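Enquirer: Numbering (the numbering used here), first residue to last: 1 to 688.
1) Going by DSSP in three states, residue 16 sits in which element: helix, strand or coil?
2) So, with DSSP's three-state summary, where would you put residue 139?
3) Measure the C-alpha to C-alpha separation of residue 165 and residue 106 and round it to an integer number of angstroms.
4) If we ignore side chains and look at the alpha-carbon of each, how far apart do residue 343 and residue 303 end up?
5) Between which two residues does the beta strand (DSSP E) harbouring residue 636 extend?
6) For residue 491, which residues of its own chain have a beta-carbon under 6 angstroms away from its beta-carbon, when the five flanking residues on both sides are left out?
7) Between the C-alpha atoms of residue 459 and residue 514, what's the straight-line distance to the nearest angstrom?
8) Can you confirm whether the segment 107-126 touches the segment 153-167 when touching is taken to mean that 3 or more C-beta pairs between the two stretches lie within less than 8 angstroms?
9) Which residues mark the beginning and the end of the alpha helix (DSSP H) in which residue 614 is found?
10) Which class does residue 415 belong to by DSSP, given the choice of helix, strand or coil?
11) Closest to residue 257 by C-alpha separation, out of 245, 249, 267 and 251, would be which residue?
12) If residue 118 and residue 108 are in contact, beta carbons under 8 angstroms, what's the gap, nearest whole angstrom?
13) For residue 532, name the three-state secondary structure that DSSP assigns.
14) DSSP three-state label for residue 183, please.
15) Quick one: using the 10 Å Cβ neighbour count with 16 as the cut-off for buried, is residue 684 buried or exposed?
16) Leaving aside the five residues before and after residue 23 along the sequence, list all residues of the same chain whose C-beta is less than 7 angstroms from its C-beta, in chain order.
17) Residue 79 by DSSP, collapsed to three states: which one?
18) For the candidate residues 463, 39, 351 and 314, whose alpha-carbon lies nearest to that of residue 337?
19) Assuming residue 221 contacts residue 305 under a Cβ cut-off of 8 angstroms, what Cβ separation, rounded to an integer in Å, is found between them?
20) Using a 10 Å radius around the Cβ and a threshold of 16 neighbouring Cβ atoms, would you call residue 140 buried or exposed?
21) Where does residue 566 sit, in a helix, a strand or coil, going by DSSP?
22) Between residue 113 and residue 100, how many whole angstroms is the CB-CB distance? I'm expecting something under 8 angstroms.
23) So, is residue 93 buried or exposed, given that buried needs 16 or more other C-beta atoms within 10 angstroms?
24) Thinking just about the alpha-carbon of each residue, which of 227, 596, 437 and 585 is nearest to the one in residue 326?
25) Is there contact between the segment 410-418 and the segment 430-447, where contact requires at least three CB pairs shorter than 8 angstroms?
26) Enumerate, from N- to C-terminal direction, the unbroken alpha helix (DSSP H) stretches of 4 or more residues contained entirely within the segment 325-385.
27) To test your reading of the DSSP string, which unbroken beta strand (DSSP E) runs of 3 or more residues are found completely within the segment 398-455?
28) Less than 6 angstroms between C-beta atoms, sequence neighbours within five positions excluded: which residues of the same chain meet that for residue 294?
29) Between residue 641 and residue 687, how many whole angstroms is the CB-CB distance? I'm expecting something under 8 angstroms.
30) Helix, strand or coil for residue 514? Go by DSSP, reduced to three states.
31) Does the structure place the segment 216-236 close enough to the segment 261-271 that three or more beta carbon pairs sit under 8 angstroms?
32) Mapping the DSSP letters down to three states, classify residue 554 as helix, strand or coil.
33) Alpha carbon to alpha carbon, how far is residue 365 from residue 378?
34) Report yes if the CB atom of residue 714 is closer than 9 angstroms to the CB atom of residue 278, and no otherwise.
35) Report buried or exposed for residue 143, applying the criterion of at least 16 other Cβ atoms within 10 angstroms of its Cβ.
36) From this set, 67, 471, 564 and 38, which residue's C-alpha is nearest residue 50's C-alpha?
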């Protein structure tokens, strides 16, 4: 491992203080493994004991078998993919003590990332389902859930309340992806516990960090020094305590360790990262390196070589400039290498007074800034207007005419700077409509009228219809069939869906679902209709359905490459660019490629993974891809060398590497490879 290059320090200050050349950077709270977020109250059941678990073999159940081991129950499972609903279920039927705050379980995964769920029933037999997370191969995990009412409930009195007494009915191992998933293997389960979520584990780390004032982004070019200033700032702590620096890659491997002495308070650090990629400089008080509960500061940054943006590229990111984001964030798109920001310009914001239309200044500003940066924004026309249909979905002739007028006005006013328009956002899902859900059959008249108005104003504009629906493949196919019907397909260049399925890994079944939906659309349209994935993402919140940074990255790359092997897919747009808040336990606050404003927009590993993918695709098209014998090969051909992404669907696979080929991981770090290379879940690039 290479040691850090510590360049000459500028000077040591007695205290961390404001300086014309430095600015404070707040690092995120220390993230914990789920096992550190919970305190065990008591053991509810030892799952290794015979008879505690029993396999359920109903119409919807995958085959499963329980074998008791010395330390854990071994669950053998097999999914055949033939049922519309299929999951392995293990009956428990254990009473839950009154007042129990939460339930937790330890599990060990195999090659298939099966989600683990608990089913709790109340006294009325109403069932509540809690998702604990997806199994990861080769390591014990702890998953837990707070016992509180859920939206995922059915049966009994259906009042949505946990009416005591409660019991744990079963443990569910769900399919790794959507309908059609096949696979078999073994999952280990051990102690079932009553647990309580710890307070204060996401606490301030007590370490102050500053960066130079002229450093706007925590993104560096290869060979560029990283400079920062660090100090112990916890009240009552020894300000002169030595600090340990540990540089860690996204796989958790420490590249080097170094200690900086405290000579009167703050100290300056400068080093050159060993290679391109994503890096986390973990800063600890010396002596606490191996204390799992000791907090540390995470100074996260990226090392990326600059490259011109491919304006015709298929990748994009969702943004929220219409909701007040700092428009400097647009400057990140050329850095990461994607050309399409997706944002809205809502009807209510344009037609504030009846019949008076005006593009809001912030919309005009972000569109103009996009044009100056060489970006090609996709603008959403969406949501209700209180002056029409009582603020509901625009379905009356008057409201449809008003919405169409707004769409045409927006296209005319924004001009060529906005080449793409999407008509609505999640119509049947009810996003932005206070929980109301739109009728799929009512969408085509609105779509047709709006598309005609946009075409009249801008004949060359590319129109995306449907507005990003989601659901199972079967449900989504039916929604798309209806929403592009009544002739609406003739008025759109493409339709959009939002194929969220986090935290599950993107696998072959995901691609098959895209193909199935695309075939339905082509059948209705009578031609190949373009398909845009205008939202898809994996949030990095802790707990229920959350992903760690590495899982978010692998899912991004696998999902995007699989999607681009489908001929109709034109755009893959990640949701979203930055975290929308700072609550690490809330999914909606953690979808970003970079952290929230409060944490200096520090990049997550997925930011670098997208940048590396964008560079592999720059000037290239997906070629003759293959998926056979557990191995994916997706070549990107065109400018310069051919770049092929390879990864294993599950487990591992071996590939042959041609002489002279360059191999690097999904973060751009070089990999030493001889004649063969073993790959796993994480995509690897081979340039030849």
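The C-beta atom is built at its ideal place from N, Cα and C for all residues, glycine as well. Values in this document were obtained by computation on a predicted structure and should not be read as measured data.
Expert: With the given structure in hand:
1) Because the pLDDT at residue 16 is just 38, under 50, the model does not fix this residue reliably, and the value given afterwards should be weighed accordingly. Residue 16: coil per DSSP, three-state reduction.
2) coil
3) 24 angstroms
4) 27 angstroms
5) 631-638
6) 448 and 451
7) 29 angstroms
8) yes
9) 605-617
10) helix
11) 245
12) 17 angstroms between Cβ atoms; not a contact.
13) strand
14) strand
15) buried
16) 210, 211 and 213
17) strand
18) 314
19) 6 angstroms
20) exposed
21) coil
22) That pair is no contact at about 28 angstroms.
23) exposed
24) 596
25) no
26) 332-336, 347-350 and 361-372
27) 420-423
28) 288
29) 5 angstroms
30) helix
31) yes
32) helix
33) 15 angstroms
34) Residue 714 is absent from the model: the chain starts at 1 and stops at 688.
35) buried
36) 67
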